[in-house]
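Everything below concerns the one structure shown next.
In the numbering used here, the protein residues as written are 1248 to 1758.
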């Protein structure tokens, strides 16, 4: 529909338009390239042949989009924020990504490595994300998009839909060729950094350079990127060397035995991380903590589900109590800034941002006098810590208090709810304060904008035999059109745009 509005804006000749691809090709889209490799030996079949040792040549294809041209659209008119010694932790508080100690150190090393001495040369930080999406249950295929987010954009704007970079897309059965995909991305970044990229920012032209100091993904994808054992195995945490233990849950668990093959993982690491083509990563802290899966649909969802399902436990909330909780919950009248209104506690269908609203605003009031006192006091500790780590600015003293509160919550969870609640999400919370000090508040590197992009991918990859090139063209075309929609200023066209987007209280009589 955005393409239709673009035609209206440009007064194009409809008779010359044969398909949506004709419209997309006419836009200033980023070039895309298909890469064909052998899945068995990872040889580049475009320029080479499989090695002698490869006995089964199976073609595998992935698409990359040009990083060189996307910043032209994304950064146009934006005010760029880069680290400055004069602006580091103003008021002795942590404000944004540029206040993280790891962010600062990697940024300084990258500037020295690239030989950047002029203030006009802006080094921007890009955080990379990837995740697997199930395309269709019968076909067994999955899509793995790779996105990038530039931290130098204003916090209120960097996570907007049209500010996320499309880097690569792979669709097939099994796991993607991460090493080859990251190699192509790194090659493009190094090409940009040879001379810099001129972009039109707010009020002036800027020469930008890029570096990738960190990645963010959910637990299964993070284990794949690290080339480590899965998160529920021994040494499954990427931030420490605690082995962990296997405990029964539900009806039991599968016995774990060592593989007879030699070459055991060391502290959970099976080999060189698959993201090694992205050079200059610090593997001790480059995999960021994901608040969505760690806190919201991890620990919060787990605890709320236990309250409503474990009828034999002292913390169980029976039907009458749940109805009272829901009555209090539905009595809230949140402001327009809330993306979702309160609804009844069907935790299996709650979205992550609903759990975020529940822990931040609703839960303590709704549970007061209904949840047993020691469980409510224990829950309040988590609420206080999460609010601190998610606030706009954090003082180091507040960070230390939040760290103690998370330790208190995790230790109390084993006593109140049993050892089976102490999974990887609860353990990862112990590292949350440390990661905030290294990379800044939880909201600064959330998975929320990337999950929104995953929804766009799912809507395009609906067929059994999706064409990667066509899908990537539509995604990039949508990105450009979102930028061009800002040129629509006539009230009638603005109302038409809102109507097509499903805005309420609009009808054709408005025109």
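Ideal Cβ positions, reconstructed from N, Cα and C, are used throughout, including at glycine.
If I'm right that residue i touches residue j with Cβ under 8 angstroms, what's the distance once you round it to whole angstroms?
{"i": "residue 1648", "j": "residue 1660", "result": "Not really, about 19 angstroms apart at Cβ, beyond 8 angstroms."}
{"i": "residue 1411", "j": "residue 1373", "result": "Between residue 1373 and residue 1411 the Cβ distance is about 11 angstroms, and since that is not below 8 angstroms, they are no contact."}
{"i": "residue 1327", "j": "residue 1370", "result": "The pair is not a contact, with the Cβ atoms about 10 angstroms apart (cut-off 8 angstroms)."}
{"i": "residue 1466", "j": "residue 1671", "result": "6 angstroms"}
{"i": "residue 1304", "j": "residue 1285", "result": "5 angstroms"}
{"i": "residue 1552", "j": "residue 1594", "result": "5 angstroms"}
{"i": "residue 1447", "j": "residue 1454", "result": "Contact flag wrong, Cβ pair sits at about 12 angstroms."}
{"i": "residue 1313", "j": "residue 1277", "result": "4 angstroms"}
{"i": "residue 1592", "j": "residue 1572", "result": "7 angstroms"}
{"i": "residue 1478", "j": "residue 1490", "result": "Not quite, the Cβ-Cβ distance comes to about 13 angstroms (not below 8 angstroms), so this is no contact."}
{"i": "residue 1597", "j": "residue 1549", "result": "Not quite, the Cβ-Cβ distance comes to about 12 angstroms (not below 8 angstroms), so this is no contact."}
Figure out for me which residue from the options has the closest Cα to the Cα of residue i.
{"i": "residue 1564", "options": "1463, 1617 and 1475", "result": "1617"}
{"i": "residue 1310", "options": "1448, 1620, 1452 and 1414", "result": "1414"}
{"i": "residue 1436", "options": "1456, 1614 and 1532", "result": "1456"}
{"i": "residue 1570", "options": "1560, 1590, 1553 and 1581", "result": "1590"}
{"i": "residue 1664", "options": "1681, 1684, 1621 and 1698", "result": "1621"}
{"i": "residue 1634", "options": "1613, 1609 and 1522", "result": "1609"}
{"i": "residue 1644", "options": "1339, 1297, 1473 and 1442", "result": "1339"}
{"i": "residue 1368", "options": "1342, 1335, 1330 and 1343", "result": "1330"}
{"i": "residue 1229", "options": "1597, 1683 and 1703", "result": "Outside the shown range of the chain, which is 1248 to 1758, sits residue 1229, and nothing can be said about it."}
{"i": "residue 1518", "options": "1527, 1470 and 1418", "result": "1470"}
{"i": "residue 1422", "options": "1381, 1574 and 1325", "result": "1381"}
{"i": "residue 1409", "options": "1700, 1449 and 1312", "result": "1700"}
{"i": "residue 1352", "options": "1366, 1528 and 1568", "result": "1528"}
Please work out which residues of its chain come closer than 6 angstroms, Cβ to Cβ, to residue i, disregarding the five sequence neighbours upstream and downstream, and give them in chain order.
{"i": "residue 1525", "result": "1429, 1433 and 1459"}
{"i": "residue 1476", "result": "1512 and 1515"}
{"i": "residue 1507", "result": "In this prediction, residue 1507 scores a pLDDT of 46, lower than 50, which makes its location untrustworthy; the coordinate-derived value is nonetheless stated afterwards. Nothing meets the Cβ criterion."}
{"i": "residue 1486", "result": "1678"}
{"i": "residue 1406", "result": "1696"}
{"i": "residue 1488", "result": "1514"}
{"i": "residue 1420", "result": "1387 and 1388"}
{"i": "residue 1344", "result": "1350, 1398, 1687 and 1691"}
{"i": "residue 1461", "result": "1374, 1533 and 1535"}
{"i": "residue 1442", "result": "none"}
{"i": "residue 1636", "result": "1649, 1679, 1683 and 1689"}
{"i": "residue 1416", "result": "1310, 1392, 1715 and 1719"}
{"i": "residue 1431", "result": "1311"}
{"i": "residue 1632", "result": "1649, 1652 and 1653"}
Below 7 angstroms CB to CB, which residues in the same chain sit around residue i once its five sequence neighbours on both sides are set aside?
{"i": "residue 1762", "result": "Coverage of the chain is limited to positions 1248 through 1758, which leaves residue 1762 absent and any answer about it impossible."}
{"i": "residue 1364", "result": "none"}
{"i": "residue 1543", "result": "1599, 1602 and 1603"}
{"i": "residue 1627", "result": "1611"}
{"i": "residue 1463", "result": "1374, 1376, 1535, 1537, 1692 and 1694"}
{"i": "residue 1703", "result": "1722"}
{"i": "residue 1239", "result": "The displayed coordinates of the chain run from 1248 to 1758. Any statement about residue 1239 would go beyond what the structure contains."}
{"i": "residue 1705", "result": "1380"}
{"i": "residue 1546", "result": "1672, 1673 and 1676"}
Kindly list the residues whose CB is nearer than 8 angstroms to the CB of residue i, restricted to its own chain and excluding five residues on each side of it in sequence; keep chain order.
{"i": "residue 1657", "result": "1669, 1673, 1674, 1676 and 1677"}
{"i": "residue 1283", "result": "1291, 1292, 1293, 1306, 1307 and 1308"}
{"i": "residue 1630", "result": "1606, 1607, 1610 and 1611"}
{"i": "residue 1619", "result": "1561 and 1562"}
{"i": "residue 1681", "result": "1486 and 1650"}
{"i": "residue 1751", "result": "The predicted position of residue 1751 is uncertain, since its pLDDT is 44 and thus under 50; a value taken from the coordinates is nonetheless stated next. Excluding positions up to five away in sequence, the list is empty."}
{"i": "residue 1401", "result": "1325, 1326 and 1328"}
{"i": "residue 1625", "result": "1656, 1659, 1660 and 1663"}
{"i": "residue 1472", "result": "1377, 1425, 1462, 1464, 1520, 1521, 1522 and 1534"}
{"i": "residue 1557", "result": "1563"}
{"i": "residue 1404", "result": "1325 and 1410"}
Within the 8 angstroms Cβ cut-off, does residue i reach chain B?
{"i": "residue 1443", "result": "Protein chains in the displayed structure number just one, and chain B is not present."}
Does the stretch 1386-1394 come close enough to the stretch 1355-1367 to have 3 or more Cβ pairs within less than 8 angstroms?
-> no
Just checking, does the stretch 1309-1325 make contact with the stretch 1339-1349 on the three C-beta pairs under 8 angstroms criterion?
-> no
Any contact of the stretch 1634-1641 with the stretch 1684-1696, i.e. 3+ C-beta pairs under 8 angstroms?
-> Touching, per the Cβ criterion.
With a floor of 4 residues, list each alpha helix (DSSP H) that falls wholly inside the stretch 1611-1660, ordered by position along the chain.
-> 1620-1636
Can you list, in chain order, the stretches of the alpha helix (DSSP H) that have 4 or more residues and sit fully within the stretch 1562-1611?
-> 1566-1577 and 1599-1604
Counting only runs of 3+ residues fully inside the stretch 1365-1419, write out the beta strand (DSSP E) ranges in chain order.
-> With a minimum length of 3 residues, the continuous beta strand (DSSP E) runs that stay inside the stretch 1365-1419 are 1368-1377, 1389-1397 and 1411-1419.
Could you tell me which uninterrupted alpha helix (DSSP H) segments, each at least 4 residues in length, are contained entirely in the stretch 1452-1499, listed from first to last along the chain?
-> 1466-1473
Enumerated in chain order, which unbroken segments of the beta strand (DSSP E) with a length of 3 residues or greater are wholly contained in the stretch 1291-1376?
-> 1306-1312
Ordered list of alpha helix (DSSP H) runs contained in the stretch 1539-1564, each at least 4 residues | 1548-1556
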